[in-house]
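Peer 1:
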Amino acid sequence: GKPALDKINLKVIDQAQIIKAMEKGDIDVANDATGAMAKDAKSSNAGLKVLSAPSLDYGLIGFVSHDYDKKANKTGKVRPKYEDKELRKAMLYAIEREKWIKAFFNGYASEINSFVPSM
1 GKPALDKINL KVIDQAQIIK AMEKGDIDVA NDATGAMAKD AKSSNAGLKV LSAPSLDYGL
61 IGFVSHDYDK KANKTGKVRP KYEDKELRKA MLYAIEREKW IKAFFNGYAS EINSFVPSM
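Letter by letter, the sequence shown follows residues 1 to 119 of UniProt numbering.
Written as structure tokens, this is what we have:
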């Protein structure tokens, strides 16, 4: 049917100000909010509601395993400590993913093992 809105105003707001703007009624919806923002919204006295949905966004932890050859503009030699496959596996297992998700995303993330999303 016909939309119930006459218009939609889009605003670009600094992330640090989003919760305050919602509390004041200056904005109604925030897209791509961080886990920290969701936590702040839940603890707000303004009765803000947090809704979440799956997304294809992902974060990763990377290690500099090779030197970079600036002259050749390409990846150079492997750094010796990273040649050991068992060390690389140990580093992978040492990261406590659930603690990482809780600490950095306030629980608003899920663990993945591939860049290809599950269906």
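Virtual Cβ for every residue (Gly too), placed ideally from N, Cα, C. Just so we're clear, the structure is a prediction, and the values are computed from it rather than from any experiment.
#1: By the three-class DSSP mapping on this structure, what secondary structure does residue 171 have?
#2: Could you name the residues of the same chain whose beta carbon sits closer than 8 Å to that of I18, not counting the 5 residues immediately before and after it, in chain order?
#3: Please report the distance separating the alpha-carbon of V78 from that of W100.
#4: DSSP has Y82 in a bridge; who is on the other side?
#5: Mind checking which residues open and close the beta strand (DSSP E) that includes D6?
#6: Could you tell me whether any Cβ in chain B is nearer than 9 Å to the Cβ of E111?
#7: Cβ atoms of S65 and Y82: under 9 Å apart, would you say?
Peer 2: Result, derived from the coordinates:
#1: Limits of the chain in this structure are 1 at one end and 119 at the other, which puts residue 171 out of reach.
#2: Cβ within range, chain order: I27, A30, A33, M37.
#3: 28 Å
#4: Partner(s): none; Y82 has no beta bridge.
#5: Run containing D6: none; DSSP gives neither H nor E here.
#6: Considering every chain present, this structure includes no chain B. It has just one protein chain.
#7: Yes; because the gap between Cβ atoms is below 9 Å, this pair is in contact.
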